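Visitor: In the numbering used here, the protein residues as written are 264 to 505. This structure is in structure tokens; I'll ask about it shortly.
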């Protein structure tokens, strides 16, 4: 979004200016501290000279006058630096307020952009799901990316997941715990050739076969493994009865 990019660039420029102001304020504070230390040193030296009770000599008077002139010069510089520091601090405070306002506006813009993007994605998903379920031609809606399914499972399903899927497929868990491997096969089965996986408007997976125009929320291999389970169960019972 161009507006979001523009505001992000402006925010970065303002942040850079803020860092420069902070560095200038820190440098000015250092100069003020150095002048204050110099003034204190001069005032202390003058106090020590004036604390001597013997009458000052002409040389002492000249030195005292020189110290007084130095103190006045340092105090003038110190007053100027303090005023400059105050101006810099005020500018930094105003700029910081402006920067915070810009950042808040940028946050609102980014939030609006993300909401618009999410709405667009939801609409595209709903249109794609409608197109596939009704058999409309591809031009009716923008393409929706398919969900890639791995051919090999990196992490096998847990026993609880296998049992839950076995119940979903109609297995008798008490009578046939030895056939749960079939449910695990079904749970990790890849999508057959010709089938693709999509998401509907609510984010649920469904399967579509472009060649037959069939769409279903059940995995295309579920029925195969249901029948395979029934076959192995009958074979087991026949063997037990023999």
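The C-beta atom is built at its ideal place from N, Cα and C for all residues, glycine as well. Quick caveat, the model's predicted, so the values are computed rather than measured.
Mark residue 480 as exposed unless 16 or more other C-beta atoms lie within 10 angstroms of its C-beta, in which case mark it buried.
Guide: So residue 480 counts as exposed.
Visitor: Check the DSSP bridge columns for residue 460 and list the partner residues they point to.
Guide: Note: residue 460 sits in a beta bridge opposite 470.
Visitor: Within 10 angstroms of the Cβ of residue 342, are there 16 or more other Cβ atoms? Answer buried if so, exposed if not.
Guide: Exposed.
Visitor: Counting C-beta neighbours from all protein chains within 10 Å, is the total for residue 436 16 or more, i.e. buried, or is it exposed?
Guide: So residue 436 counts as exposed.
Visitor: Residue 501: buried (16+ other C-beta within 10 angstroms of its C-beta) or exposed?
Guide: Per the 10 Å Cβ criterion, exposed.
Visitor: Can the beta-carbon of residue 452 be found less than 7 angstroms from the beta-carbon of residue 428?
Guide: Cβ atoms of residue 452 and residue 428: not closer than 7 angstroms.
Visitor: Measure the beta-carbon distance from residue 330 to residue 309 and round it to whole angstroms, keeping in mind my assumption that it falls under 8 angstroms.
Guide: Between residue 309 and residue 330 the Cβ distance is about 4 angstroms, and since that is below 8 angstroms, they are a contact.
Visitor: With respect to 6 angstroms, is the separation between the Cβ of residue 344 and the closest non-hydrogen atom of the ligand ADP below this value?
Guide: What this structure holds is no ligand at all, so the ligand ADP is not there to describe.
Visitor: Could you pull the start and end residues of the beta strand (DSSP E) that residue 477 belongs to?
Guide: Taken as a continuous stretch (DSSP letters only), the beta strand (DSSP E) holding residue 477 covers 477–479.
Visitor: With residue 351 and residue 284 assumed to form a contact (beta carbons below 8 angstroms), what rounded beta-carbon distance in angstroms separates them?
Guide: That belief holds up - the Cβ atoms of residue 351 and residue 284 are roughly 7 angstroms apart, short of 8 angstroms.
Visitor: Throw me the rounded Cβ distance for the residue 295 and residue 348 pair, which I believe falls under 8 angstroms.
Guide: Residue 295 to residue 348, Cβ: 6 angstroms. Contact.
Visitor: Would you be able to state if there are at least three C-beta pairs under 8 angstroms between the region 481–488 and the region 454–469?
Guide: The region 454–469 vs the region 481–488: in contact.
Visitor: Helix, strand or coil for residue 487? Go by DSSP, reduced to three states.
Guide: In this structure, residue 487 counts as helix in the three-state DSSP scheme.
Visitor: Leaving out the 5 sequence neighbours to the left and right, which residues in its chain are closer than 8 angstroms to residue 410 when beta-carbon positions are compared?
Guide: Confidence at residue 410 is low in this model, with a pLDDT of 39, below 50, so its placement is unreliable and the value that follows should be read with caution. The answer, listed in chain order, is 460, 461, 462, 468.
Visitor: Would you mind sorting residue 328 into buried or exposed? The rule is 16 or more other CB atoms within 10 Å of its CB.
Guide: By the 10 Å Cβ count, residue 328 comes out exposed.
Visitor: Measure from the C-beta of residue 464 to each C-beta in chain B and report whether the shortest distance is under 7 angstroms.
Guide: Of the protein chains in the structure, only one exists, and it is not chain B.
Visitor: Over what stretch of residues does the alpha helix (DSSP H) that includes residue 429 continue unbroken?
Guide: Its alpha helix (DSSP H) spans residues 422–432.
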